[in-house]
Amino acid sequence: MCNAYNVTTNADAVIALVKGWRQARRKSNQDILPGIFPNYRAPILRLEEGDLVLDDAVWGMPTPVEHLVTKTGKPMSYDRGITNIRKTYVDHWRRWLGVEHRCLVPFTMFSEPDEKHRNHYFEFADGRPVGLLAGIFDTHSRQIRAKDEAPTAGQFYAFLTTEPNAEVKPIHAKAMPVILTEPEDWETWLTADWSTAKKLQRALPDGLLKSTPFGAPSDVVPA
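Residue numbers (my numbering): 2 to 224.
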């Protein structure tokens, strides 16, 4: 499960990436983020009245209610959120599969744990500074921690996962994020019916990634 990634470029680099496809406008200032962990705020690209917007959101969508129970079976008072989504056919996720809830998530490197729970970071083999993951988002409120005085309100997101490709599988055989590299795929993800868009939930072709074992130089410990 990918529970850490980073964006080591600024908003200008993200906007430059998509410039030949759509002109994006900023709705928030994107900082360089050397470590992004669950419930951290990070950039997303979404459509707003037909315009591509660079916005931000909190990483983690609502957990299915049946999983919000303690070991003794009591309801939990908080929800840490779900960061990775694989089973899009589950009713809980189907409500967010329409175009109004789809987004693209900028990243530079993402991590996957090996069997000893050591994080390996993956980045593009050709050195490109930023890429895009297929994500979903919504606006709601969520009690992230039991100690929080009130629920956190705003936009939340998660990204889809799929079977791993040749670079990721030796490290993490279960899954990898859905990475979209072509403008036509970005357009399909943000605008097409789910019957078409769901075909993008597939592994990145082999040979496009390289790994950095046991964490990246920019890795930090989550708060």
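All C-beta atoms in this analysis are idealised placements derived from N, C-alpha and C, irrespective of residue type, glycine included.
Which term fits residue i, buried or exposed, when burial requires 16 or more other beta carbons within 10 angstroms of its beta carbon?
i, result
"I172", "buried"
"D186", "buried"
To the nearest angstrom, how far is the alpha carbon of residue i from that of residue j?
i, j, result
"T89", "L98", "8 Å"
"K175", "D207", "16 Å"
"A193", "E50", "15 Å"
"R146", "Q156", "17 Å"
"P35", "T71", "33 Å"
"D139", "P76", "23 Å"
"F1", "T9", "What the structure shows of the chain is the stretch from 2 to 224, and residue 1 is not part of that stretch, so it cannot be assessed."
"R95", "R129", "33 Å"
"E101", "V91", "19 Å"
"I83", "Q24", "30 Å"
With a cut-off of 8 Å on the beta carbons, I'd call residue i and residue j a contact; round off their distance for me.
i, j, result
"L209", "L181", "With a Cβ gap of about 12 Å, L209 and L181 do not count as contacting."
"Y122", "S212", "7 Å"
"V59", "N85", "Not confirmed; about 15 Å, so no contact."
If you measure from the beta carbon of residue i to each beta carbon in chain D, is any gap under 8 Å?
i, result
"T73", "In the structure shown, chain D cannot be found, because there is only a single protein chain."
**Study point:** Residue ranges of each beta strand (DSSP E) within the region 106-154, 3 or longer
**Key:** 110-114, 120-125, 132-143
Check your understanding: Pairing CB atoms from the region 50-63 with CB atoms from the region 28-36, are three or more of them under 8 Å?
Key -> Cβ pair count under 8 Å is three or more, so yes.
Practice item. Check whether the region 2-11 touches the region 109-116, counting contact only when three or more Cβ pairs, one atom from each stretch, lie closer than 8 Å. Key: Verdict: yes, contact present.
Review point. Taking only runs of the beta strand (DSSP E) that begin and end inside the region 43-75, which ones reach a length of at least 3 residues, in chain order?
Key: 52-60
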